[in-house]
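Peer 1: Protein chains in written order, with this note's numbering: chain A, 1 to 339; chain B, 1001 to 1331. Using N, Cα and C, we set each Cβ at its ideal position, and we do this for glycine too. Predicted, not measured: the structure shown is a model, and the values here were computed from it.
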Amino acid sequence: MNQQEAARQKRAVLVSFWLILTCVAAILYSLHTGSIRLSPYQVLMTLLGYGSADDSLVLFAYRLPRIVITMLAGVGLGISGAILQGLYRNSLADPGVLGLHAGAAFGLVIFVSFFRSLEGMISLILPLFTFAGAVLAAILIVLLAYDRHRGVMPIRLILVGIALAAGFSAVTLFLSLRLDEGTYAFAARWLAGNVWGREWANVLALLPWILLLVPYVISEAKVLDAFLLGEEVAIGIGTPVRRQRYVLLFAAVALASASVSMAGGVGFIGLAAPHLARRLVGPLHRYMLPISGLIGLVILVVADTIGRSIFQPNAIPAGVVVAAVGAPYFLYVLAKTKS
Amino acid sequence: MKGKVFSIVFVLAVIGLLLSMFLAVSYGAKEITLTTVWSTVFAYDPAVTSHQIIHELRLPRVIGAAVIGAAFAVAGALMQGVTRNPLADAGILGVNAGATFVVALSFAFFPQLPYSALMLLSFVGAVMSASFIFLLGSAAPGGLTPLRLTVAGAVVAALLHSLSTGIAIYFELSQDLAFWYAGGLGGIKWSHVQWLAPIILLTLLWTPLLGRSISAIALGHDVASNLGVQTKRIQVIAMVVAVVLAGVSVSAVGSIGFVGLVVPHMARKLVGVDYRLMVPLSAVLGAILLVLADLGARMVNPPKELAISVMVALVGVPFFLYLARRERGDY
């Protein structure tokens, strides 16, 4: 290990330390705030098993699953964006740009158009619809961007993604204009990125994706580094480009659509988290991927907390808070950097 | 040779436009014979009901669709040319998002505003967000690059869109905003056309003067400078023109994507990259597209209307996919 590498590693460890500290603080703050306030002391006692029955109910049945979902979805979106940006050497690539959000939204609107009611058990199959929508979008994108001689072409993928996003959005708009006011309001909140899942069952639906895919993707960091050098170089140093691209693309789609199905159409994290991570620890994916995930986690937890606590009684979806905070920072970075 | 191809294509396009406008005036919830249309135009009699329908409802609507379609298309062509970004359109420069944001604000705080005030406000919103994006792109070290402009535009658009949704959700007016956003020409009356059409047509008249310089810029900034084009100045002028065109249109009919994106590509396929020819052709093709889309939106399920943005997307998406399939990835 040379000196530069050692310095990088040291920096990555330092950055992770601070990020994890921020995460813990954000999660603790998030646990104590909401429509029923629990003091930090109450939170601590309840977590340790000494709380009152009411406090335990609020914390374990409602608040904790929601926070866990927010954490998982934040990691999923951050890493998904990092994979896509790495694969396509395009800093604009993110799950939203590639039409996955639009596909998921289409699934959601189909669901509410059919079932109308969102009460009770039936609401538990909603994630299936959003997931199916995102996967449908992903399959269509890959099929339409596929070239018999050259495989999936990066630029074409982005173009097709934009077109499909617009197509799905148009159908979604068409269907949602026919909904009654109440159902529409729910759909609109979801589209704006409202953390939807709030039960342990939802956590279980999301957890396996994150647990399986995130370590896998991080173990493939070298492949993503190779892609950054360009396709010819990647082939030259022995990376099986096409197969790896599909596997990683699938991972990105699965991470994004699983996250979006539980947390709503939160944009920006997939775009901003990798940017921030790159600025903090440089472009090597070994460091950049986990940091992207952590940044995604912090952003989503903080945004959901702000949306829930400051704008009572009409909570603002986390996606709106993410955009309101993320966009100005992103613009600042953009104005600072040379092209 | 090129000029000859252009003349033929252009004349055919103009004939196509006249035909589609004629169709759009005669078809609708109430079927009206062609002779009635003819006599309305040339011998208007206010006592006859079908004459009234044509004169008061359909004519302003069809004329509005034609000028707005032309405006969107030319705005898209100019933006694609000066940013050298084949995916640029009114949406990218934040025009739609800015207009929607201001409309969301006025829905929330001044719900009683009349339509005309809303139009003016949304125009102001469109111009403000576009200028902000443009200034932001220019202020950075290294100046205004296509990539930076696109990124800044995408980010600001996402921000404004998100804030609009936030406002809509907080004040519980999501669906009202969605209807506005979905767009439609149903509300267009003579009083709107009276000031829409002159502004758009006068602005369009300026665009052929820009054609030569934009063709040079589209080849690259170095080429343009070597040819003696004042890149910066032309960029600013073209952007101002594009933003005025798109802003006026969005304020009148809501957010209609794809016209500005698709039409310039069609025109480029037909007559090549010379913006002196491409821009006028884009105007005519854009007018045809929007007139037919509006007719389609009225005809699918009468008397109810389909949102026109949905209709345009139905045409635009497959065409765009076709373009993307042919894309060789050279830019």
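#1: Beta-carbon separation of residue 1166(B) and residue 1093(B) under 7 Å?
#2: Under three-state DSSP, which class holds residue 1027(B)?
#3: Out of 1317(B), 1296(B) and 1300(B), state which residue places its alpha-carbon closest to the alpha-carbon of residue 1065(B).
#4: Is it true that the CB of residue 1188(B) sits closer than 7 Å to the CB of residue 1061(B)?
#5: Consider the Cβ of residue 1187(B): report whether some Cβ of chain A lies at a distance smaller than 7 Å.
#6: For residue 1262(B) versus residue 1017(B), is the C-beta distance shorter than 7 Å?
#7: Can you name, in chain order, every residue of its own chain whose Cβ lies under 7 Å from the Cβ of residue 328(A), other than the five neighbours on each side?
#8: Based on Cα-Cα distance, which residue from 1209(B), 1244(B) and 1220(B) lies nearest to residue 1200(B)?
#9: With a threshold of 8 Å, are at least 3 pairs of Cβ atoms found where one atom belongs to the region 63-72 of chain A and the other to the region 19-38 of chain A?
#10: Within 10 Å of its beta-carbon, does residue 243(A) have 16 or more other beta-carbons around it, so buried, or fewer, so exposed?
#11: Whole angstroms is fine: what's the gap from residue 1331(B)'s alpha carbon to residue 225(A)'s?
#12: Count the CB pairs spanning the region 43-58 of chain A and the region 296-308 of chain A that are closer than 8 Å, and state whether there are at least three.
#13: Output needed for residue 1113(B): all residues of its chain with C-beta closer than 8 Å, excluding positions within five of it in sequence on either side, in chain order.
#14: Compare the C-beta of residue 296(A) with all C-beta atoms of chain B and state if any pair is closer than 7 Å.
#15: Would you grab the beta carbon distance between residue 1259(B) and residue 1286(B) for me? Rounded to a whole angstrom, and I think it's under 8 Å.
#16: Cβ closer than 7 Å: which chain B residues qualify as neighbours of residue 88(A)?
#17: Does any residue of chain B bring its CB to less than 7 Å from the CB of residue 106(A)?
#18: By DSSP, does residue 329(A) sit in helix, in strand, or in coil?
#19: Would you tell me roughly how many angstroms separate the C-alpha atoms of residue 1070(B) and residue 1180(B), rounded to the nearest one?
#20: Does DSSP put residue 1189(B) in a helix, in a strand, or in coil?
#21: Which residue wins for smallest C-alpha separation from residue 273(A), given the options 240(A), 251(A) and 81(A)?
#22: Going by Cα to Cα distance, which pick from 1251(B), 1298(B), 1318(B) and 1135(B) is closest to residue 1101(B)?
#23: Any beta carbon of chain B sitting closer than 7 Å to that of residue 287(A)?
#24: What residues match up with residue 1301(B) in a beta bridge as DSSP calls it?
#25: Within 7 Å of any Cβ in chain A, is that where the Cβ of residue 1091(B) sits?
#26: Enumerate in chain order the residues of its own chain whose CB-to-CB distance from residue 11(A) is below 7 Å, with the five nearest sequence positions on each side excluded.
#27: Find the residues of chain B that neighbour residue 173(A), judging by a C-beta separation of less than 9 Å, and give them in chain order.
#28: If you reduce the DSSP assignment to three classes, tell me which class residue 147(A) lands in.
#29: Would you decide whether residue 1267(B) is buried or exposed? Buried here means 16 or more other CB atoms lie within 10 Å of its CB.
#30: Step through the CB atoms of chain A and report whether any lies within less than 7 Å of the CB of residue 1097(B).
#31: Looking only at its own chain, which residues have a Cβ that is under 7 Å from the Cβ of residue 200(A), when we skip the five neighbours before and after it?
#32: Is DSSP giving residue 1331(B) helix, strand or coil here?
#33: Taking Cβ-Cβ distances shorter than 8 Å, what residues in chain B pair up with residue 267(A)?
#34: Could you check how far apart the C-beta atoms of residue 140(A) and residue 164(A) are, in whole angstroms? I think they sit under 8 Å.
#35: Relative to the C-alpha of residue 1085(B), which residue among 1219(B), 1249(B) and 1138(B) is closest?
#36: Quick check: the Cα distance between residue 331(A) and residue 1155(B), rounded to an integer number of angstroms?
Peer 2: By the coordinates alone:
#1: no
#2: coil
#3: 1296(B)
#4: yes
#5: no
#6: no
#7: none
#8: 1244(B)
#9: yes
#10: exposed
#11: Because the pLDDT of residue 1331(B) is 36, which lies under 50, any placement of that residue in the model is unreliable, and the number read from its coordinates should be weighed accordingly. Rounded to the nearest angstrom, the two C-alpha atoms are 23 Å apart.
#12: no
#13: 1106 and 1121
#14: no
#15: 6 Å
#16: The premise fails here: residue 88(A) is roughly 11 Å from chain B at the closest Cβ pair, so nothing lies under 7 Å.
#17: no
#18: helix
#19: 21 Å
#20: coil
#21: 81(A)
#22: 1251(B)
#23: no
#24: 1304(B)
#25: no
#26: 281
#27: 1178, 1181, 1182, 1307, 1309, 1310 and 1313
#28: strand
#29: buried
#30: no
#31: 65
#32: Low local confidence applies: a pLDDT of 36 at residue 1331(B) is under 50, so the model's placement there is unreliable, and no value is given.
#33: 1158 and 1162
#34: 6 Å
#35: 1219(B)
#36: 7 Å
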